[in-house]
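The numbering used here numbers the first residue of the sequence shown as 32 and each following residue consecutively. Ideal Cβ placement from N, Cα and C applies to all residues, glycine included. A short write-up of the structure that comes next.
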Amino acid sequence: MTGTLFEGTEDYDDIYGTAGDDTIRGFGCDDWLAGAAGNDLIEGGDGWDWIEGGTGNDTLSGGNDGDYLLGGAGNDAILGDAGHDNIEGELGDDTITGGTGSDQINFYADISDMTFNTWGHDVVTDFNPNEDTLNISIWDGDETKLTITDTFEGALVSYDGLSSILLSGVQAIDVALNATFQENPVYLIGTSADETLLGTSSDDYLAGEGGADSLVAGAGWDTLKGGAGNDIINAGSEDDYLEGGEGNDTLTGGANADSFNFSVTFDGTTTSTWGHDVITDFTPGEDGITIYVEGETPSSLLTVTDTVDGALISLGSGNSILVSGVSSADLSFYASFESDYMTDGTSDSDHILGHDAGDTIDGGLGDDWIDGRYGNDYIDGGDGQDTLLGGDENDTLLGGAGHDVLFDQGGDDILSGGDGDDTLYIETGDDTITGGAGFDSFWFGIDSGPNNPSSWGNDIITDYNPTEDTLTFAIEDGNPAALTITDTEFGALISYDGTSSVLVSGVAAADITMDTYF
């Protein structure tokens, strides 16, 4: 399956793959890289990266620092490389190589009556008993069924014939198993009354429903949902999911990386809002805020302002989140919109997702990742190293200051990189393209194959600078002789096979240098 090449930068990157066989490279800084479906190749490069393969048979490489690598479903090849890595193969039969450094290699299974998930039959190629740690966690399991034996190839750790781990070249006597057998998590759903729900040391699900409830988690990775009413939610010591629901709620995440979630729905007759909530202990760079907005609303501007108590995120007059003790300059959040919205980001790194209709999105300061998805979108990345994706319709993408990456993704779009060294990827549709100041790269692609033919359309580059900018044409299954360049009264015209063209305004053909890939 054909995939997409995603190239990161020397700064923080947040890259999501497609359903195809993608190649994703993070390069420098601490990146978040996810492959989605398909057989993906993902390379973290420098920095402390979080890498997820998703479904499919993926190849993951962490790079030079301590990384967290999750294989996902499928038979994956995972290489930690240098640094102290955390590696989890997840579902499927995986091959794991920790690389240099003391690594944590993790395996999980849930074999309760309601769930059956195990890690498969995995191979660890370079387990070092003196440096690396093998962690096994089994829910509703019988510890007598976990065994370790010597084989010709190495020590074999097995659980009940369902899952196994081959530690190549290692003797069983040298392996220390860090195995835990968890108690059954609790699943508690309240009523319309005012209640207190208490969790356990396992991974619990607590839902208050109606009433002014108090939800208190124990240890474990917990999910806590307040429901209607003014709720008090206290998470525990692991990575927890918190959702206040309707009403004015107070949320405390506790230790580790917690996810605070808010949603609002407007369907023309019924309005469901999250109310006026307070997060008491948000830690920038560790915790996350996610906002989902669905439907039409006349008060559709999402804003962030500073108050004496902290950063205030507001949507109209009925929804707000006070992030106590945090300034807007340090705040970032993820927002997803299911309709036509205006959005202001923060001065930190935002992750904003539009949807069905035309969105107006301003990323503000910071290194933002913005996907307009469907509809005719207007997206302004603002300052910072931004990644902007237009979607299939007729979009306007403005990179602003900083080294930005713009993907038009179809439709008749207007793309402007702004100041900085920008990269603009041009797909189908007739586009107007301006690189702006800096050393800009313009990429055009065609698939001439029989299965999924596509071309970039008839485009115009308004400000190509032969001494600074670059032009690249990637034509799969193409004919090199069909790519031509001629002079016109308006500038150099680059054409391919009569189906696609780029007018490089005000520049002679002799002054243009092209990189081509067939």
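Per DSSP, the unbroken beta strand (DSSP E) holding residue 533 starts and ends at 531-536. Between residue 253 and residue 242 the beta-carbon gap is near 20 Å, outside 8 Å, which marks them as no contact. Contact holds between the region 73-87 and the region 58-65, because three or more Cβ pairs, one in each stretch, are under 8 Å apart.
Under the three-state reduction of DSSP output, residue 360 falls in the helix class. Taking residue 337 as reference, the option from 453, 54, 525 and 355 with the minimal CA-CA separation is 355. Residue 204 carries a helical assignment under DSSP once its states are collapsed to helix, strand and coil. Between residue 264 and residue 255, the C-beta gap is smaller than 8 Å, which places the two residues in contact.
The Cβ atoms of residue 103 and residue 89 lie closer than 8 Å to each other. Annotation: the continuous beta strand (DSSP E) that includes residue 190 extends over 185-190. Rounded to the nearest angstrom, the gap between the Cα atoms of residue 421 and residue 489 is 18 Å. In the DSSP annotation of this structure, the continuous segment of the beta strand (DSSP E) that includes residue 245 starts and ends at 245-247. Taking residue 266 as reference, the option from 279, 223, 311 and 259 with the minimal CA-CA separation is 311. In this structure, the straight-line span from the alpha carbon of residue 278 to that of residue 334 is close to 20 Å. Remark: C-beta atoms of residue 134 and residue 109 do not approach each other more closely than 8 Å.
Shown here for residue 548: same chain residues with a beta carbon closer than 6 Å to its own, the five before and five after excluded, namely 505 in chain order. The residues 158, 185 and 186, in chain order, have a CB closer than 6 Å to that of residue 201 in the same chain once the five nearest residues on each side in sequence are set aside. Around residue 36, the same chain offers 54 as residues with beta carbons nearer than 7 Å, after the five sequence neighbours per side are excluded.
Residue pairing for residue 322: DSSP places it in a beta bridge opposite 293 and 366. In this chain, the beta strand (DSSP E) harbouring residue 199 covers 194-199. As DSSP reads the structure, residue 308 sits in a beta bridge with 352. Annotation note: the region 44-81 contains the following uninterrupted beta strand (DSSP E) runs of length 3 or greater, listed N- to C-terminal: 45-47, 54-56, 63-65 and 72-74. Residue 154: member of the beta strand (DSSP E) spanning 152-155, first to last residue. Residue 447 is bridged by DSSP to 429 and 465. Residue nearest to residue 454 within the set 400, 540, 470 and 339 is 470 (criterion: CA-CA distance).
Here residue 223 is exposed. Its C-beta has fewer than 16 other C-beta atoms within 10 Å. Taking 8 Å as the upper bound for CB-CB distance, residue 151 and residue 122 are in contact here, some 6 Å apart.
Here residue 542 is exposed. Its C-beta has fewer than 16 other C-beta atoms within 10 Å. One thing to note: residue 275 has its Cβ no nearer than 8 Å to the Cβ of residue 318.
Excluding residues up to 5 positions away in sequence, 527 and 528 lie with their Cβ nearer than 7 Å to the Cβ of residue 513 in the same chain. Scanning 169, 140 and 131 for the CA closest to the CA of residue 160 turns up 131. With contacts defined as CB atoms closer than 8 Å, residue 429 and residue 402 fail to qualify as a contacting pair. For the options 190, 305, 237 and 536, the alpha carbon positioned closest to that of residue 325 is the one of 305. Contact between residue 492 and residue 533 holds: CB atoms are separated by about 6 Å, below the 8 Å threshold. Runs of the alpha helix (DSSP H) lying entirely within the region 489-544, each at least 4 residues long, are absent. Between the alpha carbons of residue 189 and residue 238 lies a distance of about 36 Å. When beta bridges are read from the DSSP output, residue 345 appears opposite 334 and 351.
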